[in-house]
Amino acid sequence: MLTTQQAAGLLNVSHPYLIKLLDDGQIDFTKVGHHRQVKLEDLLDYQRRDIASRNRAADDLSALGQQLGV
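In my numbering, the protein residues as written are 266 to 335.
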């Protein structure tokens, strides 16, 4: 289990941005008292999905550039 600060550091994002991802349901977490904790497995799963999404967007932009002759 990771603290939100540790999870934000591993993703290289700000702590508030990570909290938004958690609250939006993009990363699973558990609450212990008032503190959120994230499983490393869930964090890595989000990271894989995010990378795949970015790669698809880059492929789409590349295809569009080819269509436009850029």
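Glycine included, every Cβ here is placed at the ideal spot set by N, Cα and C.
Owing to the predicted nature of the structure, the values given are computational and were not obtained by experimental measurement.
*Under the three-state reduction of DSSP, which class applies to K270: helix, strand or coil?*
In the sequence shown, residue 270 corresponds to position 5, counting from 1. Reading the sequence as shown, one finds Gln at residue 270 and not Lys. In the structure shown, Q270 sits in a helix (DSSP, three-state: H, G or I).
*CB L308 to CB L276, shorter than 8 Å?*
Taking the first residue of the sequence shown as 1, we reach residue 308 at position 43. Taking the first residue of the sequence shown as 1, we reach residue 276 at position 11. In contact: L308 and L276 (Cβ atoms closer than 8 Å).
*Using 10 angstroms around the beta-carbon of L287, count the other beta-carbons present and answer buried if the total reaches 16, otherwise exposed.*
The count along the sequence shown starts at 1 and reaches residue 287 at position 22. L287 is buried by the Cβ-count criterion.
_Q291: first and last residue of the uninterrupted beta strand (DSSP E) it sits in_ = Here residue 291 corresponds to residue number 26 of the sequence shown, with the count starting at 1. Looking at the DSSP string, Q291 is not in any beta strand (DSSP E), and its letter there is neither H nor E.
*asked:* Pop quiz: Q302 and T268 are said to be a contact at Cβ under 8 Å. What is the actual Cβ separation, rounded to whole angstroms?
replied: In the sequence shown, residue 302 corresponds to position 37, counting from 1. In the sequence shown, residue 268 corresponds to position 3, counting from 1. Between T268 and Q302 the Cβ distance is about 7 Å, and since that is below 8 Å, they are a contact.
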